[in-house]
Amino acid sequence: MTVSTWTVERAVEELRAAETGRTARRPITDDWPELDLATAYQVQTALVAARGARVIGVKLGLTSRAKQQRMGIDAPLTGWLTEDMAVEAGIPIPAGELIHPRVEPEIVFTLGTRLAGPGVTPATAMAAVRTVSAGLEVIDSRYRDFRFTLPDVVADNASSARFVLGDVTREPGTLDLGLEACVLRVDGEFADTATGAAVQGHPANALALAANALAERGLALEEGWHVLTGGLTDAIPFRPGHTVTAEFTHLGTVTLR
Ligand code: 0L1
Ligand code: MG
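So the sequence shown is residues 326 to 582, counted in this note's numbering.
Structural data, given as C-alpha cells:
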C-alpha cells in the first residue's frame, strides 16, 4: 500500500507557491484524491493564516446556477476575505499580480452585529445587516484552467484574490434585493446581466447559508465583516487594460481596471 505524502501543511505550501509564483498548478486531488471537504477547509484556514493578513469577512462561492453550471460543481462554499484583497475603486490592479483573473458582480452585506448559526434564517440573517452595497470580485484560481473539484477549490480559499466595494450603501430594508438588477460591461460593451434572485433565490438565503455553514466549524460572522454573497452572473475574464463595470439599479456602479 502506498502511503500519501500529502498533509494540510504541504497543501498550504503548494498553494502559496502557486500564488506567489503566479503559476497555476494541477488540482491537489490529482495527487491527493483522499482530500475530503473537512480537510480542505483545514487547508483553507491554514492557508489564510500563513498569508498573515487580517480577516475582514467571508465570501460565498458557487451560489448561482450560472456559476455552478460553468464550474460543474453544484454546492456552494465559503472562503475568507482578508484586508489585502480589498482594492479601492478606480485604483488599477497591476497586470502581472494575478495568474488568470476573472471578475464577477456581487451583492455585499456589511454586518452591524455578530451572526452565529446554527438555525439562522434569511430573516434573522438580514436583521444582522447594517448596510448593503454592490461589489466586484476578482477570482484567480491557483489551478490551471480553473479546473478543480470542490475540495480543491475550498482548499484554495474559493479562488479569492481581490474585491472592490461600491460607494453607495443602503439599509437592507429599503430594497428588494431579489429584484435588484445588475448589468455587467467590459469597456462599455454589454457582457451579462442578472438580478439578486440569481444568488440562492435571494442574497439573504446566501447570508443565512454562510452563517450556518460556519457554525458547523464552530465559527461565526463577526460585526463589521463584509459578506460577498456570490457572483450574480458567470465570471468573465479580466484582461489587462480592460475596464469592467457593474451597474446596479439602486446600488450604484462599481468599476475595476
Ligand atoms: O466566488 C466564486 O464563486 C468563486 C468560487 C470558486 C469557483 C471559481 O473559481 O469560479
Ligand atoms: Mg464570488
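For each residue, glycine too, the CB sits at the ideal point set by N, CA and C. All of these numbers come straight from a predicted model, not from anything done at the bench.
- Secondary structure note for Ile-353: its alpha helix (DSSP H) is the uninterrupted segment 353-356.
- Between the alpha carbons of Pro-430 and Val-328 lies a distance of about 43 Å.
- For Thr-364, the uninterrupted alpha helix (DSSP H) segment begins and ends at 362-376.
- Following the DSSP letters along the chain, one finds Leu-581 inside the beta strand (DSSP E) bounded by residues 578-581.
- The C-beta separation of Thr-580 from Thr-570 comes to about 5 Å, placing the pair in contact by the 8 Å criterion.
- The distance from the Cβ of Val-552 to that of Phe-488 is about 11 Å, inconsistent with a contact at the 8 Å cut-off.
- Ranking Asp-477, Glu-338, Arg-467 by CA distance to the CA of Leu-423 puts Arg-467 first.
- In the DSSP assignment, Pro-430 falls outside any alpha helix (DSSP H) and lies within the beta strand (DSSP E) extending over 427-436.
- Of the residues Ala-545, Leu-500, Leu-576, the one whose Cα lies closest to the Cα of Val-508 is Leu-576.
- For Ile-416, the Cβ stays outside the 7 Å cut-off from all heavy atoms of the ligand MG.
- Under the three-state reduction of DSSP, Gly-521 is assigned to helix.
- Across the structure, Ala-522 and Leu-436 are spaced so that their CA atoms are roughly 20 Å apart.
- Closest in C-alpha terms to Gly-491, from the list Ala-459, Pro-476, Glu-359, Leu-402, comes Ala-459.
- For the beta strand (DSSP E) assignment, the uninterrupted runs of no fewer than 3 residues enclosed by the region 502-555 are, from N- to C-terminal side, 506-511, 514-520, 551-553.
- The shortest CA-to-CA distance from Ile-561 to any of Ala-342, Ile-464, Pro-417, Asn-537 is the one to Ile-464.
- Under DSSP, Trp-405 takes part in a beta bridge, and its partners are Val-383.
- Distance from Ile-432 to Glu-505 at the Cβ level is roughly 7 Å; contact confirmed, criterion being Cβ atoms closer than 8 Å.
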